[in-house]
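Student: What follows is a single structure, and I will ask about it in a moment.
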Amino acid sequence: METERKKVIFSAIQPSGTITLGNYLGALKNWVALQDEYDCIFSLADLHTITVRQDPATFRKNTTEAYALLLACGIDPKKSIFFIQSHVPAHAQLAWVLNCYTQFGELSRMTQFKDKAAKHADNINAGLFTYPSLMAADILLYQADLVPVGADQKQHLELTRNIADRFNAAYSPTFNLPDGYIPKHGARIMSLQDPSSKMSKSDSNVNGFVALLDPPEVVMRKFKRAVTDSEACVRYAEGKDGVNNLMGIYSCVTGKTMEEIEHEFEGRGYGDFKTAVGEAVVEHLRPIQEKYAQYIADKAYLEECYREGAQRAERIANRTLAKVMKKIGFLPA
Ligand code: TRP
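Number 274 in numbering that gives the first Met the number 0 belongs to position 275 of the sequence shown; there are no gaps in the numbering.
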């Protein structure tokens with residue numbers, strides 16, 4: 000009996016510096032879990048990163064480190080295709096083509112563009128504006144069925160579907176229309192200092208985020224300083240954003256339910272609780288940090304992985320690109 004084709008998952012993350020506990024628990028940990036059930040294709044979206052000016056040496060270092068760190072988190076280059084976007088030229092090529100099938104008005108409505116334009120008022124470049132067509136190219140090249148994305152990328156995914164649909168209607172079915180993938184154990188990790196905003200590496204207060212490579216004593220310090228409330232009771236409830244967030248993190252790294260956590264800390268203060276969360280996170284990060292140290296010291300292995308990843312990605316991407324070019328009427332080379 001023929002085995003059913005596994006669904007294709009595509010996702011990407013920018014190699015733009017520190018990867019936080021929020022990125023890990025909110026996205027990466029789920030990617031790792033999806034690898035057996037799906038055909039996964041994961042990328043470092045370095046072409047997207049240059050929409051904000053990068054220092055060349057830092058950019059190279061960030062990309063290498065992000066690749067090693069994702070391997071350390073459990074992205075398995077044998078199970079999945081794991082590559083660096085700029086190594087597969089088809090992404091930039093299809094992005095150009097899709098730019099010609101994307102309306103100015105559509106791109107103008109993207110909230111991320113509006114936010115980033117406000118934040119980088121001195122460099123509102125055309126790449127920032129057409130960022131979503133490049134993202135559409137990433138997804139559509141692989142005929143992805145599912146794309147795990149956070150809330151902030153949903154609008155881009157919707158646009159991707161619209162572009163794909165428009166192209167299919169103008170020619171003939173070419174692109175698969177991708178759906179968003181909401182993980183079963185989704186986690187939205189908030190800032191430890193301001194639990195009403197998402198944990199972000201660009202938080203001006205470094206105590207707001209935990210970096211995956213923070214040493215144990217730094218992790219402990221950040222959790223001990225985490226904002227809670229004055230009730231002194233570990234329970235999950237509306238209005239207790241700080242405690243809810245810490246419980247969410249603790250639940251993610253220990254697998255315990257909220258009820259189990261409430262029970263565990265019954266009658267105990269926040270001091271104990273924060274120490275326990277810190278220690279659990281340290282233990283969770285320990286093997287990741289150990290593997291990271293091995294990978295980052297082995298440049299030959301890293302190169303081998305991302306070169307092979309790019310070759311495998313390219314075979315799929317070029318097939319889609321060739322179809323697109325032919326349908327549009329480009330003269331074959
Ligand atoms: N724009 C995404 C982000 O910043 C990263 C990304 C690039 C992506 N291409 C993608 C995510 C394709 C999903 C699919 O988070």
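All C-beta atoms, glycine included, are put in the ideal place defined by N, C-alpha and C.
All values derive from a computational prediction rather than experimental measurement.
When you compare the CB positions of Ala89 and Leu330, do they come within less than 8 Å of one another, or not?
Tutor: Within the sequence shown, residue 89 is the residue found at index 90, counting from 1. Within the sequence shown, residue 330 is the residue found at index 331, counting from 1. No, these two residues do not count as a Cβ contact at 8 Å.
Student: With respect to 7 Å, is the separation between the Cβ of Met134 and the closest non-hydrogen atom of the ligand TRP below this value?
Tutor: Here residue 134 corresponds to residue number 135 of the sequence shown, with the count starting at 1. Under cutoff, so the answer is yes.
Student: Could you say if the segment 199-211 and the segment 18-33 meet the contact criterion of at least three C-beta pairs nearer than 8 Å?
Tutor: Counting Cβ pairs under 8 Å, three or more are found: they touch.
Student: Could you give the uninterrupted runs of the beta strand (DSSP E) lying entirely in the segment 172-225, keeping only those of 3 residues or more?
Tutor: If we require 3 residues or more, the beta strand (DSSP E) runs fully inside the segment 172-225 come out as 178-180.
Student: CB Glu259 to CB Val233, shorter than 8 Å?
Tutor: Position 260 of the sequence shown, counted from the start, is the residue given in the question as residue 259. Position 234 of the sequence shown, counted from the start, is the residue given in the question as residue 233. Going by C-beta atoms, Glu259 is not nearer than 8 Å to Val233.
Student: Looking only at its own chain, which residues have a Cβ that is under 8 Å from the Cβ of Ala26, when we skip the five neighbours before and after it?
Tutor: Position 27 of the sequence shown holds residue 26. Within the same chain, Ala26 has close Cβ partners Ser10, Ile12, Pro147, Gly149.
Student: Which residues in the same chain as Gly308 place their Cβ atom closer than 7 Å to its Cβ, once the five residues preceding and following it in sequence are excluded?
Tutor: Counted from its first residue, the sequence shown places residue 308 at position 309. If we look at Gly308 and ignore the five residues flanking it on each side, its Cβ neighbours are Pro76, Ile80, Phe81, Phe82.
Student: Might you give, ordered along the chain, the residues of its own chain that have their beta carbon closer than 8 Å to the beta carbon of Lys322, omitting 5 neighbours on each side?
Tutor: As a working note, residue 322 is residue 323 in the sequence shown. Once the five neighbours on either side are set aside, the close Cβ partners of Lys322 are Thr173.
Student: Which residues in the same chain have their Cβ closer than 6 Å to the Cβ of Gly328, if we skip the five residues on either side of it in sequence?
Tutor: Locating residue 328 in the sequence shown gives position 329, counting from the first residue. Excluding positions up to five away in sequence, the list is empty.
Student: Can you name, in chain order, every residue of its own chain whose Cβ lies under 6 Å from the Cβ of Ile8, other than the five neighbours on each side?
Tutor: By 1-based counting over the sequence shown, the position of residue 8 is 9. Taken in chain order, the residues that qualify are Leu33, Tyr37, Cys39, Leu145.
Student: Where do the ends of the beta strand (DSSP E) carrying Ser10 lie?
Tutor: Within the sequence shown, numbered from 1, the residue matching residue 10 stands at position 11. It spans 7-12 - the beta strand (DSSP E) in which Ser10 sits, taken as one unbroken run.
Student: Under the three-state reduction of DSSP, which class applies to Ile49: helix, strand or coil?
Tutor: Numbered from 1 along the sequence shown, position 50 holds the residue referred to as residue 49. Ile49: coil per DSSP, three-state reduction.
Student: Taking 8 Å as the threshold (C-beta atoms), are Tyr235 and Ala67 in contact?
Tutor: Here residue 67 refers to the residue found at position 68 of the sequence shown. Here residue 235 refers to the residue found at position 236 of the sequence shown. Not a contact, by the Cβ cut-off of 8 Å.
Student: Taking Cβ positions, are Tyr100 and Ile162 nearer each other than 8 Å?
Tutor: Counting from 1 along the sequence shown, the entry for residue 100 is found at position 101. Counting from 1 along the sequence shown, the entry for residue 162 is found at position 163. Their beta carbons are under 8 Å apart, which means Tyr100 touches Ile162 by this criterion.
Student: To the nearest angstrom, how far is it from the Cα of Ala231 to the Cα of Gln102?
Tutor: Start at 1 with the first residue of the sequence shown, and residue 231 comes out as number 232. Start at 1 with the first residue of the sequence shown, and residue 102 comes out as number 103. Answer to the nearest angstrom: the Cα atoms are 53 Å apart.
Student: If you run the structure through DSSP and keep just helix, strand and coil, what is Ser79?
Tutor: Here residue 79 corresponds to residue number 80 of the sequence shown, with the count starting at 1. Reduced to three states, the DSSP call for Ser79 is coil.
Student: Between Ser190 and Asp178, which are expected to be in contact by the criterion C-beta below 8 Å, what is the C-beta distance as a whole number of angstroms?
Tutor: Counting from 1 along the sequence shown, the entry for residue 190 is found at position 191. Counting from 1 along the sequence shown, the entry for residue 178 is found at position 179. Not a contact, Cβ separation roughly 30 Å.
Student: Note down the Cα distance separating Thr256 from Ala332, rounded to an integer number of angstroms.
Tutor: In the sequence shown, the residue the question calls residue 256 occupies position 257. In the sequence shown, the residue the question calls residue 332 occupies position 333. Near 59 Å, if we compare the C-alpha coordinates of Ala332 and Thr256.
Student: Counting only runs that start and end within the segment 115-183, where is the beta strand (DSSP E) found for 3 or more residues in a row?
Tutor: 145-147, 178-180, all fully within the segment 115-183.
Student: Could you tell me whether any non-hydrogen atom of the ligand TRP is closer than 7 Å to the CB of Gln152?
Tutor: Locating residue 152 in the sequence shown gives position 153, counting from the first residue. Result yes, Cβ under 7 Å from the ligand TRP.
Student: So Ala71 and Leu43 are in contact, right, with Cβ under 8 Å, and what is the actual spacing, rounded?
Tutor: Numbered from 1 along the sequence shown, position 72 holds the residue referred to as residue 71. Numbered from 1 along the sequence shown, position 44 holds the residue referred to as residue 43. About 14 Å; that fails the 8 Å criterion.
Student: So does Phe9 have its beta carbon nearer than 7 Å to some heavy atom of the ligand TRP?
Tutor: Position 10 of the sequence shown, counting from 1, holds the residue named residue 9. Yes, Cβ of Phe9 sits closer than 7 Å to a heavy atom of the ligand TRP.
Student: Once DSSP output is grouped into helix, strand and coil, what is the label at Phe264?
Tutor: Residue mapping note: residue 264 aligns to position 265 of the sequence shown, counting from 1. Three-state result, Phe264: coil.
Student: Kindly indicate which three-state DSSP category Asp38 falls into: helix, strand or coil?
Tutor: For the purposes of this step, residue 38 is taken as the residue at position 39 of the sequence shown. Strand.
Student: Rounded to whole angstroms, how far is the Cβ of Tyr112 from the Cβ of Leu127, which I believe are closer than 8 Å?
Tutor: For the purposes of this step, residue 112 is taken as residue 113 along the sequence shown, with counting starting at 1. For the purposes of this step, residue 127 is taken as residue 128 along the sequence shown, with counting starting at 1. Contrary to the premise, residue 112 reads as Phe rather than Tyr in this sequence. At roughly 6 Å, the Cβ-Cβ gap stays under 8 Å, so Phe112 and Leu127 are in contact.
Student: By a C-beta neighbour count over all protein chains shown, 10 Å radius and 16 as the cutoff for buried, is Asn29 buried or exposed?
Tutor: On the sequence shown, position 30 is the one that residue 29 refers to. Buried is the call here.
Student: Tell me whether Ala330 sits in a helix, a strand or coil according to DSSP, three-state version.
Tutor: For the purposes of this step, residue 330 is taken as the residue at position 331 of the sequence shown. Strictly speaking, residue 330 in this sequence is Leu, with Ala absent from that position. Coil at Leu330, not helix or strand.
Student: Along the alpha helix (DSSP H) that carries Pro88, what are the first and last residues, could you check?
Tutor: On the sequence shown, position 89 is the one that residue 88 refers to. Counting along the chain, Pro88 falls outside any alpha helix (DSSP H), and DSSP gives it neither H nor E.
Student: Ignore the nearest five residues each way along the sequence and tell me which others in Trp5's own chain have a CB closer than 6 Å to its CB.
Tutor: Against the sequence shown, residue 5 aligns to sequence position 6. Here residue 5 turns out to be Lys, not Trp, going by the sequence shown. Closer than 6 Å at the Cβ level, and outside the excluded window around Lys5, lie Tyr37, Asp38.
Student: For a test of your reading of the model: does the CB of Val148 fall under 7 Å from any non-hydrogen atom of the ligand TRP? Yes or no.
Tutor: Reading the sequence shown from its first residue, position 149 is the one you call residue 148. It does: the Cβ of Val148 is within 7 Å (strictly closer) of some heavy atom of the ligand TRP.
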